[in-house]
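Below is one structure, written out as structure tokens; comments come after it.
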Amino acid sequence: MSTSTSTSGAKSTTRTERRSHTCNQLRASDVGQTVKLGGWVYRKRDQKHQVFIDLRDHYGVTQLVFDADRPEQLEAARAVRPESVVFVSGEVVAREAKNPKMATGEVELKVTAIEVDSPCEDLSKLLPVAIPKGSNDRDNEQRRMEYRFLDLRRERMHRNIVARDQIIRFMRAHMAEEGFLEVQTPILTNSSPEGARDYLVPSRLHPGQFYALPQAPQQWKQLLMASGFDRYFQIAPCFRDEDARADRSPGEFYQLDMEMAFVGQEDVFGVIERMYKRLVDEVEIPGMKKKTLLEFPFPRIRYWDAIDRFGCDKPDLRFGLELEDVSDALRGTEFALFAEALAGGGHVKALKIPGGAAEGKGYVRKLEKWVKGLGYGGLPHLILKGGAADGSLKKALSEAESQKVFAQLGCVDDDLVVFGCGDRLSAAQVLGDVRNQVAEERGLCDPDVLGFSFLVDYPFYERDEENDKIEFSHNPFSMPQGGMTALEGDPLDVLAYQYDICCNGIELSSGAIRNHRPDIMYRAFEIVGYSKEQVDREFGHMINAFRYGCPPHGGMAPGVERTIMIFLNEPNIREVVAFPKNQHCQDLLVNCPSPVSDAQLEELHLTINLPPTEQTGSA
RNA sequence: GGGGCGGUAGCACAAUUGGUUAGUGUACCGGACUGUCGAUCCGGAGGUUGCGGGUUCGAAUCCCGUCCGCCUCGCCA
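To convert, count from 1 in the first sequence and add 14; that's my numbering.
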């Protein structure tokens, strides 16, 4: 597989009618050649009788030199504004003072002709976004998005978009090598019954009816399996009308959507973990330290093990700090909070923060305040001080109980132990958040290590606490482990062939071996109270496709942007999207969404009916 | 919709917690400099402190309202 990138892949094809070389091509061996370059004026060093200009293009930077022996060109160079596009020609000469920091640092271009093709007019006289490296390039997001075409000129952003291409190109190549067929699926499609809110597109030909943009090509890829295409993939756009997060782009994002027939889940895992391993091994991103894998093959972690050990189902495996179940040590305690949890069949969990007491008295208070901010009740804690228990639970627990906990966790003096209690999930969740927070504070996460894992054995059903009903835990269309037989027993014991892949605490994808058997499907839905008729009404077109011979199949769909984020150590998804939307799903560059004309509305048989408080003009 | 943080020169930030003429860096303009390379040195210009009201002798700072951005909860089969 070729791993050449669009940067290093610059060969003779970069010679054009307008230039002979790129700004990253000239070397000592080119000395004496007459060349023509085009690019942006990057940095100027004006010494009056001699001017140096760093000329920048997509590929790199070349130094231009203007001397007093050509006063006309020298004056032009002094006058040209930064970020203007210029063409220059001249002779490649060896530098008197070489610059080892530049790829082209052994040479420079002695300019005999300069043409300002497209001046940076810069009406305000000042750029709204600072381009040169070294300027703070992560701030004023609003201005950056309004002037994204300038923002993308910056080295880091430009590199990110190139890296995005490298990674996607590599994904395509890998999937092709593994025998996958890339198929495009409809963008104008139908509203799916569950999931996020849909984006709707009104139909002109069918007044009052709407298309929906796909939240994922889920139904299409399953239909492709029913059609006999053994292995499908697509770099698929997905549209969901949900609110933004740092790692969640509002509106639209991409998945490496894949599905394969006649497989079990390990077959799916193999394709994906080979891909990520090769991404790590073979893709080189300029300016990025090479990543290493924490483990290969990726560990398979059962859902409940992940909850018990890490307090979440997307564990960051780069550090320890695992949770302990101290229910047995505290059974029979008179502390009401714990006693109630244990009496209800729940758990008490503990997390040891080594040396946490040495951080000072305010530390626990700060941690507890932070935890409350997340919506938890609080953060009871113990401290081992001079061999005895201290902390907020000092009086609530007996010294013997505290000592049992210390012993189980292997505590030494100054260790801080924080507790969570409740059912198996909620007892662990609060500590899972604390675990991640402590790791971040202490810098325990090696930014160059990728700790992938597959999360497996998700429960198929769960009990809704509010109305005591059995409901699907995750995807109702995944295959229950054990098939029809499993659905005869206690639903809460049924596991699904449902899985996630995560890396460094970020969920990259979920996936499943699908339920392709109508009989099992009806039974699975019957358990949550759906009649056969309801299932047919809501999901009939899928089930119908399974009535004509459909192979067992499954897949997953790793998020493209999230994958790129972890390879680039970017904390925000906007940094890996060329033209991102803001938190309110607006594109500040082109100013969308925006009102449309009355004629357009009329053609679609639509009228706007705004709530009285919101005044939005129509064009 | 809720919570948190923020908005000061083109850009990035500061202003000793209500007190002199709102500073620093960078960018910009002018000057010096023939080997610079994130050039350096000297000088200059640049402000309705998001917007509106209020408290006060005095507001960037405190209060109320409002707009905008980011983070987050809800949401994300």
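All C-beta atoms, glycine included, are put in the ideal place defined by N, C-alpha and C. None of these values were measured; they are calculated from a predicted model.
Reducing DSSP to helix, strand and coil, say where serine 18 ends up. Residue confidence is low: serine 18 scores 36 on pLDDT, short of 50, so the model does not pin down where it sits. No coordinate-derived value is stated.
Which ranges would you report for the beta strand (DSSP E) in the stretch 438 to 476 if only whole runs of at least 3 residues count? For the stretch 438 to 476, the full-length beta strand (DSSP E) segments reaching 3 residues or more read 466 to 470 along the chain.
Among all the DSSP beta bridges, which residues are the ones paired with methionine 189? DSSP links methionine 189 through a beta bridge to no other residue.
Please classify glutamate 575: does DSSP put it in a helix, a strand, or coil? Helix at glutamate 575.
Distance, proline 572 Cα to lysine 363 Cα: The alpha-carbon of lysine 363 is positioned some 32 Å away from that of proline 572.
Quick test of the definition: if touching needs 3 or more C-beta pairs under 8 Å, does the stretch 390 to 402 touch the stretch 327 to 335? Two segments are said to touch when three or more pairs of C-beta atoms, one from each, lie closer than 8 Å; by this definition the stretch 390 to 402 does not touch the stretch 327 to 335.
Tell me which same chain residues have a C-beta within less than 8 Å of the C-beta of glutamine 198, skipping the five on either side of it? By the criterion of a C-beta distance shorter than 8 Å, glutamine 198 is surrounded in its chain by Gln248, once the five residues flanking it on both sides are discounted.
In whole angstroms, what is the alpha-carbon distance linking leucine 307 and valine 294? Answer to the nearest angstrom: the Cα atoms are 7 Å apart.
Our contact map puts asparagine 529 next to serine 492 with C-beta atoms below 8 Å; I'd like the distance itself, whole angstroms only. For asparagine 529 against serine 492, the beta-carbon gap comes to about 6 Å, under 8 Å, which counts as contact.
With burial defined as no fewer than 16 other Cβ atoms inside 10 Å of the residue's Cβ, what is the status of phenylalanine 593: buried or exposed? The residue in question, phenylalanine 593, is exposed, as its Cβ has fewer than 16 Cβ neighbours within 10 Å.
Could you tell me whether the Cβ atoms of isoleucine 520 and isoleucine 557 are closer together than 8 Å? The answer is no: Cβ separation not under 8 Å.
Provide the residue(s) that pair with alanine 226 in DSSP beta bridges, ordered along the chain. DSSP, once it has assigned bridges, lists Thr203, Leu214 as partnering alanine 226.
Where tyrosine 268 sits in the DSSP three-state scheme: In the three-state DSSP reduction, tyrosine 268 falls in the strand class (E or B).
Considering threonine 126, what are the terminal residues of the beta strand (DSSP E) in which it resides? Residues 121 to 132.
Thinking just about the alpha-carbon of each residue, which of Leu469, Leu140, Asp60, Val55 is nearest to the one in phenylalanine 101? Relative to phenylalanine 101, the option among Leu469, Leu140, Asp60, Val55 whose CA is nearest is Val55.
Three-state secondary structure (DSSP) of glutamine 282: The question names glutamine, but residue 282 in the sequence shown is valine. If DSSP states are grouped into helix, strand and coil, valine 282 belongs with the helices.
Measure the C-alpha to C-alpha separation of phenylalanine 553 and leucine 501 and round it to an integer number of angstroms. Roughly 20 Å separates the two Cα atoms.
Inter-residue CB distance, phenylalanine 466 and cysteine 517 (contact presumed, cutoff 8 Å): Taking C-beta atoms under 8 Å as the contact rule, phenylalanine 466 and cysteine 517 qualify, at a distance of about 5 Å.
Cα-Cα separation, alanine 421 to glycine 360: Whole-angstrom Cα-Cα distance: 22 Å.
Integer Cβ distance of serine 103 from threonine 126, believed to fall under 8 Å: Contact annotation, serine 103 with threonine 126: C-beta distance approximately 6 Å; criterion of less than 8 Å satisfied.
From the DSSP secondary-structure annotation, give me the bridge partner or partners of glycine 568. Met274, Ile527, per the DSSP bridge assignment.
Would you list, in sequence order, the uninterrupted alpha helix (DSSP H) runs of no fewer than 4 residues that lie entirely inside the stretch 351 to 422? For the stretch 351 to 422, whole alpha helix (DSSP H) runs of length 4 or above, ordered along the chain, are 375 to 387.
With 16 as the cutoff for other CB atoms within 10 Å, does serine 16 come out buried or exposed? Any reading at serine 16 needs caution, since the residue's pLDDT is 36, under 50, leaving its predicted position unreliable; the model's value is listed next. Flag for serine 16 reads exposed.
Report the rounded CA-to-CA distance for aspartate 533 versus threonine 27, giving the unit in angstroms. Going by the C-alpha atoms only, they are around 58 Å apart.
Specify the secondary structure class of lysine 2 as computed by DSSP and reduced to three states. The structure shown does not extend to residue 2, since the chain is modelled only from 15 to 633, so the question has no answer here.
Can you tell which of Ala410, Arg288, Cys435 has the C-alpha that lies nearest to the C-alpha of leucine 337? Comparing Cα positions, the closest option is Cys435.
Using only CA atoms, which one of Gln223, Gly46, Arg162, Gly405 lies nearest to valine 106? Minimum Cα distance to valine 106 is reached at Gly46.
To the nearest angstrom, report how far apart tryptophan 234 and serine 523 are at their CA atoms. CA-CA distance, tryptophan 234 to serine 523, rounds to 18 Å.
From which residue to which residue does the beta strand (DSSP E) around glutamate 485 run? Element bounds for glutamate 485: 484 to 486.
Return yes when the Cβ of valine 94 is within less than 8 Å of the Cβ of cysteine 37, no when it is not. Result no, Cβ atoms of cysteine 37 and valine 94 do not sit closer than 8 Å.
Run of the alpha helix (DSSP H) containing lysine 546, from where it starts to where it stops: Counting along the chain, the alpha helix (DSSP H) containing lysine 546 begins and ends at 546 to 559.
The stretch 273 to 284 in contact with the stretch 591 to 606 per 3-pair CB rule at 8 Å: Contact between the stretch 273 to 284 and the stretch 591 to 606 is absent, because fewer than three Cβ pairs lie under 8 Å.
Using C-beta distances below 8 Å, list every residue in its chain close to threonine 30, excluding the 5 sequence neighbours before and after it, in chain order. Same-chain partners within the cutoff: there are none.
Compute the Euclidean distance between the alpha carbons of leucine 123 and glutamate 129, then round it to the nearest angstrom. A straight-line Cα-Cα distance of about 15 Å links leucine 123 and glutamate 129.
When you compare each of Met171, Ile315, Leu430 to isoleucine 145 by their alpha carbons, which one comes out closest? Considering only alpha carbons, the answer is Met171.
Separation of glutamate 575 from proline 461, as counted between CA atoms: Approximately 17 Å, taken between the alpha carbons.
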